[in-house]
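As given, the protein sequences belong to chains A and B, one line each in that order.
One point on numbering: in this note's numbering, the residue at position 99 of the first sequence is 99, and numbering is uninterrupted.
One point on numbering: in this note's numbering, the residue at position 185 of the second sequence is 1185, and numbering is uninterrupted.
Working notes, beginning with the structure itself.
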Amino acid sequence: RTPPSKSHLAYEIPDSSFPRGFLASGVHCGIKKLPTLHDLGLIVSTTERNSAAACFTRNVFKAAPVLVSQEVLRDTGGRAAAVVVNSGCANAVTGKKGMEDALDMARTVDALRDVRTGASDSQEAASTPASQTLVLSTGVIGQPLPMTNVLNGIALAHANLGSTFLSWQGAARAFMTTDTFYKLRARTFVLAGRKCRIVGIDKGAGMIHPSMGPPAQPHA
Amino acid sequence: TLLGLIATDAAVSPAALQAALTYAVDRSFNSISVDGDMSTNDTILAFANGASGMERELSLAPEDREVYIQFRDELTAFATEMAKLVVRDGEGATKFVTVSVEGAGTFQDAHIIASAISTSSLVKTALYGEDANWGRILAAVGAAPVSTPPDPQKVSVSFIPADGSEELRLLVAGEPEKVDEVRAKEILKAVDLEIRVVLGQGEESAKYYTCDLSHDYVTINGDYRS
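This is the structure in structure tokens:
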């Protein structure tokens, strides 16, 4: 039996529904074979009041981006402000090189954000502060990332950052692996008398039976 | 792999955001299954940047409790909507199935039983074949590693149609019903379906979201690396 069409589950969302102070983009950088498919996405906050949190897989074989993201959250005290995502390669079970690659992705985004905000001139930048970028990867396990493509892709994605539906849609497409539609939703709510907005992106579509928990507390 | 990102322009402290996200994930993304396998990369991120203009960051302090609960519940509802999308697009999925376990002694037991039903290959293939095979559901319930095993004489199972029409009772307090197979087929033909299991042990309940297991799942995963 042919699976039912699911295309109606992906639809346009008005620009005004997306949260203020975030920029997003998605590009093709050459991890996936087909050039029409996005495989690298970037979402950054443009404010100074950033909070971040995460729940990570409880699988013992945590992929490099999971370990790096846990480290970033710990080192920043939950003040991360950006996320870079790639699809097509999970950067999992890739050893030390995988860790270096994931950290390289985070540091590249940091550097581009510093150029944008002028933070590279500050004393903090000179003393190599904690990365503020979280990393997500999905796709094939056990293969190294094509880092030249990835780093070029990050620069391209950064240059294309925007706040419109198309920007968010591009980012959502960059999450996809065997997904048949991009998964993007937004809504508004009132909190403490203020109108707030929330956006969500996610992806499946196989190896799905998550058991995720908060990052472990650092040892005293 | 499951990856997700939720970003809001509300002002929320890192500790409050983490507490709300952990609560939300336990009731949404940790309650879905497509194929029973856990990835090395599963991650859900949350960001809050305060751009909405809230005067100060929402915290876990007692004076913020009411607003925090409101935010937490908003986040949980949104996360559940996002989690359901993943199940609807499970590899090869043709059905979206809600598994409700009620009348358990604890939330954990209800969650474990719902997970057992949601990951049973035989339940999932029966759903694909539109076969009202409630025996497989019961077998999964009975094999679930719970703290207090269900009493077979108290368990009831029904199918709840998505169109709001009357539920189809398959087993009531351990006794099989005379099932109208035509009606069962009708319910199972729909894309959306709910399986309701009542244990008759207590007041706790849990929901899980799953899909059927089809030929396409094997096709997609037979040569994923190439």
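Backbone N, C-alpha and C define an ideal beta-carbon position, used for all residues, glycine too.
Please go through the same chain and pick out, in chain order, the residues whose beta-carbon is closer than 8 Å to the beta-carbon of residue i, but skip the five residues on each side of it.
i         : result
Phe1071/B : Ala1010, Val1012, Ala1016, Ala1020 and Leu1058
Ala1139/B : Ser1120 and Leu1122
Met1054/B : Ala1010 and Ala1011
Arg173/A  : Gly26, Leu37, His38, Gly41 and Tyr182
Lys97/A   : Pro144
Starting from residue i, trace the beta strand (DSSP E) in both directions and tell me its first and last residue.
i         : result
Lys1207/B : Glu1204 to Cys1211
Asn86/A   : Ala82 to Cys89
Ser25/A   : Phe22 to Val27
Gly1004/B : Leu1003 to Thr1008
Leu246/A  : Nothing in the structure corresponds to residue 246/A, since chain A is present only between 1 and 220.
Ile1137/B : Looking at the DSSP string, Ile1137/B is not in any beta strand (DSSP E); the run it does join, the alpha helix (DSSP H), is Trp1134 to Ala1143.
Leu191/A  : Lys183 to Leu191
Arg1169/B : Leu1168 to Val1172
Arg1196/B : Asp1192 to Val1198
Thr57/A   : Ser51 to Thr57
Ala130/A  : Premise fails: Ala130/A is in no beta strand (DSSP E) and is neither H nor E.
Gly200/A  : Arg194 to Lys203
Leu1045/B : Thr1043 to Ala1048
Roughly how many angstroms lie between the CA atoms of residue i and residue j, to the nearest whole one?
i         : j         : result
Gly1050/B : Leu184/A  : 21 Å
Gly204/A  : Gly30/A   : 21 Å
Gln123/A  : Gly78/A   : Note that Gln123/A scores 49 on pLDDT, short of 50, meaning its location in the model is unreliable and no value can be drawn from it.
Lys33/A   : Ala90/A   : 15 Å
Ala186/A  : Ala1061/B : 28 Å
Lys1207/B : Gly1135/B : 20 Å
Val1034/B : Ala1114/B : 13 Å
Asn149/A  : Pro3/A    : 34 Å
Asp1192/B : Leu1002/B : 22 Å
Leu156/A  : Pro146/A  : 15 Å
Arg49/A   : Ile208/A  : 33 Å
Ser51/A   : Ser1147/B : 38 Å
Ala220/A  : Gly95/A   : Unreliable placement is indicated for Ala220/A, whose pLDDT of 39 sits below 50; no coordinate value is reported for it.
Lys195/A  : Arg1056/B : 14 Å
Leu1188/B : Leu73/A   : 45 Å
Glu142/A  : Gly88/A   : What sits at residue 142/A in the sequence shown is Gly, not Glu. Their Cα atoms are separated by approximately 12 Å.
Gln1108/B : Gly1202/B : 12 Å
Leu1213/B : Ala111/A  : 45 Å
Would you mind reading off the limits of the alpha helix (DSSP H) that contains residue i?
i         : result
Leu1188/B : Glu1181 to Lys1189
Glu1074/B : Arg1065 to Arg1088
Asn1221/B : His1215 to Gly1222
Pro65/A   : Ala64 to Thr76
Ala159/A  : Met147 to Ala159
Thr1119/B : Phe1107 to Thr1119
Arg1225/B : No alpha helix (DSSP H) contains Arg1225/B, which DSSP labels as neither H nor E.
Ala1019/B : Pro1014 to Arg1027
Would a check of beta-carbon distances place residue i closer than 8 Å to chain A?
i         : result
Gln1070/B : yes
Gln1108/B : no
Asp1131/B : no
Pro1062/B : no
Phe1159/B : no
Asp1089/B : yes
Ile1220/B : yes
Ser1205/B : no
Kindly say whether residue i, judged by its beta-carbon, lies nearer than 8 Å to any beta-carbon of chain B.
i        : result
Arg173/A : no
Ile201/A : yes
Pro4/A   : yes
His209/A : yes
Ala125/A : Any reading at Ala125/A must be qualified, since the residue scores a pLDDT of 49, below 50, and its modelled position is unreliable; the value itself is stated next. No, Ala125/A does not count as interfacial toward chain B.
Sorted by chain position, which residues of the same chain lie with C-beta nearer than 7 Å to residue i's C-beta, five sequence neighbours on each side aside?
i         : result
Val1172/B : Ser1156
Thr178/A  : Ala205 and Gly206
Gly244/A  : Only positions 1 to 220 of chain A appear in the structure, and residue 244/A is not among them; the question remains open.
Glu1074/B : none
According to the Cβ coordinates, are residue i and residue j closer than 8 Å?
i         : j         : result
Glu1177/B : Arg1169/B : yes
Ile1032/B : Pro210/A  : yes
Thr1098/B : Glu1194/B : yes
Gly1200/B : Gly1090/B : no
Thr138/A  : Ala80/A   : no
Ile1160/B : Val1141/B : no
Leu948/B  : Ala54/A   : There is simply no residue 948/B to check, as chain B begins at 1001 and stops at 1226 in what is shown.
Thr188/A  : Ser17/A   : yes
Ala1024/B : Ala1079/B : yes
Keeping to the same chain, check which residues put their C-beta closer than 6 Å to that of residue i; ignore five residues upstream and five downstream.
i         : result
His1111/B : Ala1206
Ser167/A  : Ala24 and Ser25
Asp15/A   : Thr164 and Phe165
Phe1029/B : Ile1044 and Ala1083
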